[in-house]
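Oh and the sequence shown: position 24 is 24 in the UniProt record's numbering, straight run, nothing missing.
C-beta: ideal position from N, C-alpha, C; glycine also.
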Amino acid sequence: RVCKYAILWECMQIFIFVISNSGRRRDDEIANKRVLIKRVVGGSTLVSGTSLSALPPSDPVPVPLPPHHTHMAAAGAGFRLGQRVHAAGDPRRSGTVRYLGPVDGHGGDWVGVDWDGGAGGRHDGSLAGRRYFAAAGERSASFARPSALSAGIALPDALRLRYRVDDFTKEEQDEMYVFSTSQKRVSVELVGTNKVRDKLKNFDELSCASVSFMGVSSAGSPEELQGLVPNLRQLDLTGNLISQWQDIFSLCQALPSLEVLDLTNNTMENDFVESPLLKNIRVLVLNNCGVTWELIEKLKVPFACLTDLHLIWNKLNIITTPAGNFVQGFDTLRLLNLEDNHIVSWDEMVKLSYLRSLEQLHLNKNKIKHVRYPSNLPSSGSLGDVAVPAFEKLQVLLLGSNEIEDFPSVDSLNLFPSLMDVRISDNPIADPAKGGAPRFVLVARLGNVKILNGSEVSARERREAEIRYIRLVMGKAESSDPELLKQLHPRFAELKAFHGIEDEKPTSRMSGPQKMASGLISITLKCVGPSMGEKQPLTKKLPPATTVGKLKSLCESFFKLKDIKLRLFLEEEGCPLPQLLEEETASLVELGIGTGATIIVDEES
1 RVCKYAILWE CMQIFIFVIS NSGRRRDDEI ANKRVLIKRV VGGSTLVSGT
51 SLSALPPSDP VPVPLPPHHT HMAAAGAGFR LGQRVHAAGD PRRSGTVRYL
101 GPVDGHGGDW VGVDWDGGAG GRHDGSLAGR RYFAAAGERS ASFARPSALS
151 AGIALPDALR LRYRVDDFTK EEQDEMYVFS TSQKRVSVEL VGTNKVRDKL
201 KNFDELSCAS VSFMGVSSAG SPEELQGLVP NLRQLDLTGN LISQWQDIFS
251 LCQALPSLEV LDLTNNTMEN DFVESPLLKN IRVLVLNNCG VTWELIEKLK
301 VPFACLTDLH LIWNKLNIIT TPAGNFVQGF DTLRLLNLED NHIVSWDEMV
351 KLSYLRSLEQ LHLNKNKIKH VRYPSNLPSS GSLGDVAVPA FEKLQVLLLG
401 SNEIEDFPSV DSLNLFPSLM DVRISDNPIA DPAKGGAPRF VLVARLGNVK
451 ILNGSEVSAR ERREAEIRYI RLVMGKAESS DPELLKQLHP RFAELKAFHG
501 IEDEKPTSRM SGPQKMASGL ISITLKCVGP SMGEKQPLTK KLPPATTVGK
551 LKSLCESFFK LKDIKLRLFL EEEGCPLPQL LEEETASLVE LGIGTGATII
601 VDEES
């Protein structure tokens, strides 16, 4: 009897397993066909019993894959050292093959992978006291069976997988419904589905394509690629397995209409043997590709017609030039993006001084402390007989999130002959809370800038900022030495003459009632504190010598505020946030506050 029940129980388990798996397969088939445009494909299916304890903790979940995606897993071999691979079923988890062979204590062949990002593994390439390879991070490496990895697919296959759309079957259409409020099924029909489907089927009309994170490892057949997408102009290959420059050259030649190529998060090799001239490529994105400047020097030959070059996250803190002190070539380059490259010395940027077409230089998120205009450099030489100034055409210089903390760096920006757009936000010099300058001071010191920190500098803002700056300098000037004043405030004399402001400090003229009245400044006070209640703004005339501490006392009297600790903020045009007035002993004139200013009265939280 026990045996009968056991057999019956086993039969039920098998029946439930078959039914559940058939349903799961059905769900997978429907789900796969529902994905019209964006698909993320992986490698081969993960074979059970093939993982070591050394594998990364978050092993990929197996997903159904096309047959050509499993050839490497089926063979169980064929990998090579240095090859780019990704985990089966998870193309976003990629790495580089660093070891092929046996692992002590475990049968069969294994592949040692150094996973991207410096993490995601279990060790640094050593296991049980034996070192098999040296990984980039302490826990970036692991071992895997060949069947648990994928060597990727060719670009034409990826394009078909992502953009080829089949018609829905009747069963799939029946699955497209929502429940009404009465829990009845209501069929759903997507408006414009046929139009989108027809357009995607016509690969000839495809001008922009993205196959990001699809495990693309090669360009495939040039003839096949050209016949598939002959009019492609923009291609996004972010996060794939391409590493050979010959593949890049091949696809660029096969697609003569291609102008924009994004290779972000592809670990590229830093050398190539020979290269064709690729006049069609205008924009090249090599963010986080592990490239060196030596490679960039070589790339200027095949990509001689580039207008935009993006090199974010490549640790390019040193610019090495083969001959001379300046980068040459790239005659058509207008935009160079070197953000987040650990650049410390501005001297490295001086090497870019004679890129003759350079209009935009992006240097956000580096570690630059000082900026100087290279005025003492030779103005001709290898560039020809015509003398040209350094950074002749540079209009946009982005220096946000660096470590600039001195005014000479700000003042030197006036020497760039064409500079109009500057970003220095998130630097100590531009942070009033850390002793830096408020926006009006920066506007006044930068005479030619029309856009500061992403905000346009209007004519009105410039006029008010410059007048406030003059008041600030006159109120704080500790020496009448014109040379010292010019050194500390290079534009002060120019601005004072332009706006017709006399040399005397405003406070020195307050001797009689009439003169004092004429010297008062009119400011508007606004209460915004939550416990202050609704109070109408007040406009008051105050002496320029009024300190911040005195103004707080006056606000308590004006608005009848008791037992509330106040904080005052100055509203400035062009600033997203008001400036906190922290220094109690600073006077209005010392802060550059003049007639028409608005001060916000808040309470400490």
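Sequence-distant residues of the same chain with beta carbon closer than 7 Å to residue i, five excluded per side
| i | result |
| --- | --- |
| G76 | Note that G76 scores 42 on pLDDT, short of 50, meaning its location in the model is unreliable; the coordinates nonetheless yield the value given after this. For G76, where only same-chain residues beyond five positions count, the Cβ hits under 7 Å are P146 and S147. |
| S353 | F326, P374, L377, A390 and F391 |
| L338 | L311, L316, H362 and L363 |
| G594 | I467, R468, R471 and I521 |
| C208 | R233 and Q234 |
| S401 | N364, K365 and D426 |
| Q246 | F272 |
| G454 | R423 |
C-beta contact flag for residue i and residue j at 7 Å
| i | j | result |
| --- | --- | --- |
| S368 | W346 | Looking at the sequence shown, residue 368 is not Ser but Ile. Yes, these two residues count as a Cβ contact at 7 Å. |
| E603 | G529 | yes |
| T547 | T598 | no |
| G112 | P156 | no |
| V211 | A154 | no |
| P432 | E405 | no |
| G108 | A136 | no |
| F249 | S275 | yes |
| T267 | T307 | no |
| F303 | L278 | yes |
| F330 | K298 | no |
| E229 | L206 | In the sequence as presented, Glu is not what sits at residue 229; that position holds Val. Their beta carbons are under 7 Å apart, which means V229 touches L206 by this criterion. |
| R460 | C575 | no |
| L263 | C289 | yes |
| N265 | V291 | no |
Burial state of residue i, where buried means 16 or more other Cβ atoms lie within 10 Å
| i | result |
| --- | --- |
| R423 | buried |
| F179 | exposed |
| R160 | exposed |
| G215 | buried |
| P544 | buried |
| D134 | Sequence check: residue 134 is Ala here, not Asp. By the 10 Å Cβ count, A134 comes out exposed. |
| Q579 | buried |
| R84 | buried |
| H489 | buried |
| S587 | buried |
| A254 | buried |
| residue 607 | The first residue shown for the chain is 1 and the last is 605, placing residue 607 beyond what the model contains. |
| R130 | exposed |
| G125 | buried |
| R162 | buried |
| F498 | exposed |
| A437 | buried |
| D204 | exposed |
| H69 | No answer about H69 holds up, because its pLDDT of 39 lies below 50 and its placement is not dependable. |
| N202 | exposed |
Anticipated Cβ contact below 8 Å, residue i with residue j, distance rounded
| i | j | result |
| --- | --- | --- |
| R93 | G239 | Not quite, the Cβ-Cβ distance comes to about 10 Å (not below 8 Å), so this is no contact. |
| D104 | A141 | Rounded, the Cβ-Cβ distance is 16 Å, inconsistent with contact. |
| L394 | N414 | Contact flag wrong, Cβ pair sits at about 13 Å. |
| A88 | W110 | A88 to W110, Cβ: 15 Å. No contact. |
| L399 | V371 | 7 Å |
| P537 | L551 | No, P537 and L551 are not in contact; Cβ-Cβ is about 15 Å, not under 8 Å. |
| D411 | I451 | D411 to I451, Cβ: 18 Å. No contact. |
DSSP beta-bridge partners of residue i
| i | result |
| --- | --- |
| H310 | V285 and N337 |
| V539 | According to the sequence as given, residue 539 is Thr; it is not Val. Bridge partners of T539: T524. |
| G112 | Y99 and F143 |
| C208 | Q234 |
| R84 | T96 |
| V186 | V178 |
| T547 | S587 |
| V601 | C527 and L568 |
| S218 | A154 |
| H370 | For H370, which the question treats as bridged, DSSP gives no partner whatsoever. |
| Q226 | Paired residues: none, contrary to the question. |
| I451 | D421 and E456 |
| S126 | R131 |
| L397 | L361 and V422 |
Close beta carbons around residue i, own chain, < 8 Å, minus the five adjacent residues each side
| i | result |
| --- | --- |
| L258 | L232, R233, Q234, L235, L251, C252, N280 and I281 |
| residue 660 | This structure gives no information on residue 660, because the portion of the chain shown stretches from 1 to 605. |
| E556 | K562, I564 and L566 |
| G512 | With a pLDDT of 48 at G512, under the threshold of 50, the modelled position of this residue cannot be trusted; read the value that follows with caution. So no residue of the chain qualifies. |
Close-in-space but distant-in-sequence residues of the same chain around residue i (CB under 6 Å, 5 per side omitted)
| i | result |
| --- | --- |
| V260 | Q234 and V283 |
| W293 | L316, I319 and T320 |
| residue 608 | With the chain represented from 1 up to 605, any question about residue 608 goes unanswered, as that position is not in the structure. |
| I501 | I470 |
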